[in-house]
Every structure is written in structure tokens, then in C-alpha cells.
Amino acid sequence: MVLQTLYPAWTDAFVRAAAAGTATAGPLPQMPALRNGPASDSLIDEDRRNRPATDVLIVGGRGFIGRHLAIALTAAGHRVAIPGRDDIDLVRDSAASLAGKLKGQAVVINAAGLVRGRGADSLEAVHAEGTRRLVRAACAVGVPRLIHISALGASPDGPTEYQRTKGLAEVALAGAGGLDWCVLRPSVVIGRGGASTELLSTLAALPWPPRIGPGSWRVQPVVVGDLAELVVRLVAAEGPLPRRIDVTGPEAMTTDTLTAMLRGWLGLAPRRFLPVPEPFLAAAATIVGRLSNGPLNREVLAMLKAGNTADPAPFAAVLGRWPTSVSQALARQPATDADRLQARLHFVRPLLRNSLALLWIVTGLLSFGLYPLAESRTLLGQIGLTGMPADAALFGGAALDLGLGLLLLAGWRPVAVGSAMLAAMAVFTTIAVGLPAVQWLHPFAPLLKNLPIAAAILAMMAMEA
Numbered sequence: 001m002v003l004q005t006l007y008p009a010w011t012d013a014f015v016r017a018a019a020a021g022t023a024t025a026g027p028l029p030q031m032p033a034l035r036n037g038p039a040s041d042s043l044i045d046e047d048r049r050n051r052p053a054t055d056v057l058i059v060g061g062r063g064f065i066g067r068h069l070a071i072a073l074t075a076a077g078h079r080v081a082i083p084g085r086d087d088i089d090l091v092r093d094s095a096a097s098l099a100g101k102l103k104g105q106a107v108v109i110n111a112a113g114l115v116r117g118r119g120a121d122s123l124e125a126v127h128a129e130g131t132r133r134l135v136r137a138a139c140a141v142g143v144p145r146l147i148h149i150s151a152l153g154a155s156p157d158g159p160t161e162y163q164r165t166k167g168l169a170e171v172a173l174a175g176a177g178g179l180d181w182c183v184l185r186p187s188v189v190i191g192r193g194g195a196s197t198e199l200l201s202t203l204a205a206l207p208w209p210p211r212i213g214p215g216s217w218r219v220q221p222v223v224v225g226d227l228a229e230l231v232v233r234l235v236a237a238e239g240p241l242p243r244r245i246d247v248t249g250p251e252a253m254t255t256d257t258l259t260a261m262l263r264g265w266l267g268l269a270p271r272r273f274l275p276v277p278e279p280f281l282a283a284a285a286t287i288v289g290r291l292s293n294g295p296l297n298r299e300v301l302a303m304l305k306a307g308n309t310a311d312p313a314p315f316a317a318v319l320g321r322w323p324t325s326v327s328q329a330l331a332r333q334p335a336t337d338a339d340r341l342q343a344r345l346h347f348v349r350p351l352l353r354n355s356l357a358l359l360w361i362v363t364g365l366l367s368f369g370l371y372p373l374a375e376s377r378t379l380l381g382q383i384g385l386t387g388m389p390a391d392a393a394l395f396g397g398a399a400l401d402l403g404l405g406l407l408l409l410a411g412w413r414p415v416a417v418g419s420a421m422l423a424a425m426a427v428f429t430t431i432a433v434g435l436p437a438v439q440w441l442h443p444f445a446p447l448l449k450n451l452p453i454a455a456a457i458l459a460m461m462a463m464e465a
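Going letter by letter, the sequence shown gives residues 1 to 465 in the numbering used here.
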């Protein structure tokens with residue numbers, strides 16, 4: 001993920017202070033007159049002066065939002081811990097193990113979340129049951145404060161599973177006696193490394209940007225730096241926290257407007273939007289949702305269609321200023337060549353991985369008998385393999401091809417599988433040196449094709465690393 005970290009200037013002040021060894025946390029300030037843009041360095045210095053560091057544990061600290069929270073909290077002088085296995089700790093750890101990780105922490109932040117579930121790591125398991133287990137463990141060891149990252153529109157009876165499981169997590173917090181908790185409900189979060197921003201930038205970079213739905217669906221994106229600043233203030237706040245805060249940007253906009261904004265940020269000329277009928281968009285979201293964990297699936301479309309906006313005033317009151325607009329944040333961080341390359345390769349990555357997987361699977365099936373076995377044995381005979389050795393090579397190679405293809409299709413350690421594919425190709429090509437020259441000089445180049453295929457595997461490994 002290479003989308004720009006859209007932190008406002010206050011983070012730079014924190015980083016400078018942390019490097020000098022002076023960064024400490026401060027309480028929520030007395031609310032000044034709300035202003036636009038990031039907080040000034042002088043206000044931050046005043047807020048953090050003579051404040052002790054706080055022990056903070058972030059569940060989900062390796063995700064997009066969690067990483068930014070960890071950076072901001074560390075820069076503010078807090079001691080940040082991240083569980084070794086991240087959000088799966090909520091699902092798979094024993095109650096005693098989970099409680100042991102929380103013991104001694106002054107603040108726990110739950111930033112664990114999924115766009116879609118896979119196997120045991122379902123939305124219900126991570127969002128709902130995982131949060132219940134986290135709350136029970138926090139209460140058991142006496143954690144005084146918990147900040148939970150939810151989502152705008154979360155409700156136990158929401159229209160999508162994502163919203164329902166997020167809503168059930170909030171219900172778990174509501175029943176936590178003795179725990180000072182706060183739920184943050186962000187809209188679409190914009191920032192480098194964010195899956196939503198990467199997808200929208202990818203759509204914006206296409207020759208004809210597709211229109212998401214009718215183009216009138218409304219979102220109210222919030223910059224990730226503003227969310228991180230809010231959490232820094234809540235961690236250091238004195239007194240009870242507000243129970244729920246809708247975290248949005250200062251203005252609602254259509255998906256067309258946001259896509260056009262990102263296209264301009266990428267330095268691309270404006271283009272007319274390509275209308276995409278809603279049934280076709282839903283079908284594409286279903287297919288993509290099955291093939292990847294990205295932010296494009298039917299549930300995300302349903303949430304966009306319903307609208308993702310809220311009043312920013314309560315958020316601004318706690319933040320002490322008006323949230324940063326997306327246009328301001330993008331202007332502070334111009335796009336680089338890496339941003340443009342990432343936007344153009346977003347759809348290439350799964351296409352490359354799955355097409356290579358299909359090639360290996362089909363090759364394995366053909367070698368098992370879909371291609372005449374007699375001709376395969378004749379070919380092996382040309383390099384001196386006959387009888388049992390030939391069958392062992394034929395069916396062993398077929399099993400290897402089929403197994404590697406299935407592993408890659410399942411997304412299991414693509415870099416390791418790619419390395420095994422390259423090794424198998426190298427062995428096969430070395431053996432094939434003994435084949436007649438026609439195998440190399442044939443117009444269809446059956447063996448020379450190994451060179452671009454090897455290059456494709458290397459490209460896949462680089463994108464999956």
C-alpha cells in the first residue's frame with residue numbers, strides 16, 4: 001500500500017518533539033473557537049507539557065488505522081504495545097492469554113476489523129465476539145479505559161452484516177460496568193495505506209473512471225491524521241470520555257466528486273465518467289469480493305448506496321478544530337510516481353496471481369491425462385526417460401503443478417509458492433535442453449515462453465511481498 005499518509009502538520013510537531021525526547025501527552029484542551037486546518041504547534045506544546053506517558057495497547061495495530069494510531073501515540077510520548085498476532089488474538093487466544101496481554105495497560109484501543117470474513121475469522125467472530133472477549137478481559141484485569149474503532153452507521157439491526165457485527169460490538173461495550181469507554185465511528189478513512197483510498201485511486205486512474213452507482217451516493221471522508229489526533233487527545237483526556245463520536249470530514253461529497261479529486265491528485269487529466277449499471281456493478285463486486293479481502297464487495301456497495309455521512313460538529317468540538325478536508329490533505333502531499341504506479345497495478349495484482357494459478361492447475365490436469373498420455377511418454381522418451389521413471393516424472397510433475405496452482409489460487413504464501421514455481425521451471429528447462437530443436441524453434445515457442453512466465457512470477461512475487 002503506498003497511498004500517502006495524509007497527516008496534518010501537528011503530527012510533524014509531535015515527531016520533532018519525540019525525536020528530541022520531549023513529547024508527552026496532554027489532556028483535552030478547553031475548547032477554543034473552532035478553526036480550520038491542523039492544530040498549531042504552540043497549542044500542542046501547551047497540551048502535552050509535563051504530562052506523563054501512558055501505556056497503550058492497540059489490538060489491530062498492524063492494520064491501516066492501527067498503524068497510524070501507533071505512530072501518532074508514540075510520537076506523542078506514549079508507550080505503545082501491539083499484540084504479536086494482532087486482531088486474531090481476539091478470536092483465538094484463551095481468556096487467560098488475552099487478559100495477560102491487557103494487564104497493566106492504562107488504555108486499550110480496539111482497531112481490529114475486517115471488510116469481509118474468511119473461515120474462522122468471520123465478521124461475527126472478530127467484530128462481535130472478539131470485542132465481547134476483549135471487554136471481559138479488560139474488566140477482569142482492571143483496564144481503566146477502552147477506545148473502540150467502529151464504523152459510521154453501525155447498528156445491531158443494520159442492513160449489512162458489517163454494520164450489524166460492528167453494532168453488536170458497541171452493545172458489548174455498553175454493558176461494561178466500571179470501564180471508561182468511547183466508540184469512534186469513522187466514515188471512509190482517507191490516507192496512504194488505506195484500502196478504500198487505494199481502490200478509489202485505482203478507479204480514478206483508469207482511462208475512463210467508472211461511475212460508482214448513479215454517481216450521487218454520498219460519503220464524508222475523514223483524513224486518517226485527524227482520526228489519529230482524536231485518539232491521542234482521548235488517550236490523555238482527564239475525566240470520563242464521550243460515549244460515541246461520529247468521525248467525519250467537514251463536508252459530504254458524491255463518490256464522483258471524490259474519485260475526480262483523487263484523479264486530480266494523481267496528476268491525470270479530467271475525464272468523463274463511464275456509467276456502470278448498478279446490476280453490473282453488484283455482479284462485479286460479488287466476484288471481486290470472493291477473490292480478495294479488499295473493500296469492494298456487495299456489503300460495501302450497500303453502505304455507499306445508503307449514504308455515509310454525519311454532522312461533523314461533535315467531532316470538531318472534541319478535536320478542537322474543524323476536520324481537515326480531503327482537498328487540503330491531498331494538496332499537502334502531492335502524488336508521486338509510486339502512487340500512480342500503485343493505482344495502475346491494483347487490479348493487476350490479483351489478475352496476475354490468479355492467471356498464474358490457473359496456468360499451473362490446467363498444466364497439472366493436462367499432464368494427468370487430459371493430454372494423451374502416449375504423446376507425453378513419447379516426449380519424455382526423447383530425453384531418455386521411459387517406463388516407470390517416465391511415469392514417475394510425468395505424474396510427479398503433474399501433482400507438483402496442480403498443488404502449486406491450488407496453493408496460489410488459495411492465496412497461501414504467494415512469495416513462497418512463486419519461488420517453488422521458479423525452481424520447478426528451472427529444473428524442467430534444464431532437462432528440456434535435451435529435447436529436439438523444434439521444441440525451441442517452433443513458432444508457438446513452447447519452451448521460450450518460460451522466460452516471460454518467469455518474469456510474470458517475479459512480478460507477482462514483488463507485488464505480493
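Glycine included, every Cβ here is placed at the ideal spot set by N, Cα and C.
None of these values were measured; they are calculated from a predicted model.
Quick one: grab the DSSP three-state call for residue i.
i: ALA111; result: coil
i: PRO414; result: helix
i: LEU385; result: coil
i: VAL219; result: strand
i: PRO401; result: In the sequence as presented, Pro is not what sits at residue 401; that position holds Asp. Note: ASP401 maps to helix in three-state DSSP.
i: ILE190; result: strand
i: LEU208; result: The question names Leu, yet the displayed sequence has Trp at residue 208. TRP208: coil per DSSP, three-state reduction.
i: THR254; result: strand
i: ASN308; result: strand
i: HIS148; result: strand
i: GLY26; result: Here the model assigns GLY26 a pLDDT of 34, short of 50, so the residue's position is not dependable and the matter cannot be decided.
i: TRP360; result: helix
i: ASP180; result: strand
i: ALA465; result: coil
i: THR81; result: Residue identity differs from the one stated: residue 81 is Ala in this sequence, not Thr. Strand, per DSSP.
i: VAL141; result: helix
i: ARG473; result: Absent from the structure is residue 473, since the part of the chain shown begins at 1 and ends at 465.
Does the Cβ of residue i lie closer than 7 Å to at least one heavy atom of the ligand ADP?
i: LEU406; result: Looking at this structure, you won't find the ligand ADP or any other ligand, since it has none at all.
Would you kindly work out how many angstroms separate the C-alpha atoms of residue i and residue j, rounded to a whole number?
i: GLY225; j: PRO312; result: 15 Å
i: GLY77; j: LEU262; result: 33 Å
i: ARG16; j: LEU227; result: Interpretation of ARG16 is limited by its pLDDT of 35, a score under 50 that renders its predicted location unreliable; no figure is taken from the coordinates.
i: MET421; j: ILE65; result: 35 Å
i: ARG243; j: CYS182; result: 5 Å
i: VAL348; j: VAL427; result: 28 Å
i: ARG164; j: SER155; result: 5 Å
i: SER94; j: LYS101; result: 11 Å
i: ARG67; j: GLN333; result: 19 Å
i: ALA236; j: VAL141; result: 20 Å
i: ALA33; j: ASP256; result: Here the model assigns ALA33 a pLDDT of 38, short of 50, so the residue's position is not dependable, and the following value carries that caveat. Computed Cα separation, rounded: 33 Å.
i: GLY194; j: GLY267; result: 20 Å
i: LEU341; j: LEU200; result: 14 Å
i: LEU301; j: MET253; result: 16 Å
i: TRP217; j: ARG233; result: 32 Å
i: GLY119; j: ALA72; result: 33 Å
Between residue i and the rest of its own chain, which residues show a CB-CB distance below 7 Å, the 5 nearest in sequence each way excluded?
i: GLU299; result: THR160, GLU161 and TYR162
i: LEU385; result: ALA393
i: LEU203; result: PRO209, PRO210 and THR259
Less than 8 Å between the beta carbons of residue i and residue j, yes or no?
i: PRO221; j: ILE190; result: yes
i: ARG79; j: VAL108; result: no
i: THR219; j: LEU258; result: It is Val, not Thr, that sits at residue 219 in the sequence shown. Yes. Within cutoff.
i: LEU406; j: ILE453; result: no
i: LEU352; j: ALA456; result: yes
i: CYS139; j: LEU90; result: no
i: SER367; j: ASP401; result: yes
i: SER196; j: LEU152; result: no
i: VAL326; j: VAL223; result: yes
i: ALA111; j: GLY63; result: yes
i: LEU304; j: GLY403; result: no
On the criterion of 16 or more Cβ atoms from any shown chain inside 10 Å, does residue i qualify as buried, or is it exposed?
i: PRO414; result: buried
i: PHE315; result: buried
i: ALA462; result: exposed
i: GLU198; result: buried
i: TRP412; result: exposed
i: GLU170; result: buried
i: ARG133; result: buried
i: GLU229; result: buried
i: LEU458; result: exposed
i: ARG321; result: buried
i: GLN382; result: exposed
i: MET460; result: buried
i: LYS166; result: buried
i: ALA331; result: exposed
In its own chain, which residues sit with a C-beta less than 6 Å from the C-beta of residue i, not counting the 5 before and 5 after it?
i: LEU184; result: ILE149, ILE245 and VAL247
i: ARG344; result: ALA205
i: ILE82; result: ILE58 and GLY61
Leaving out the 5 sequence neighbours to the left and right, which residues in its chain are closer than 8 Å to residue i when beta-carbon positions are compared?
i: LEU98; result: ASP89, LEU90, ARG133, LEU134 and ALA137
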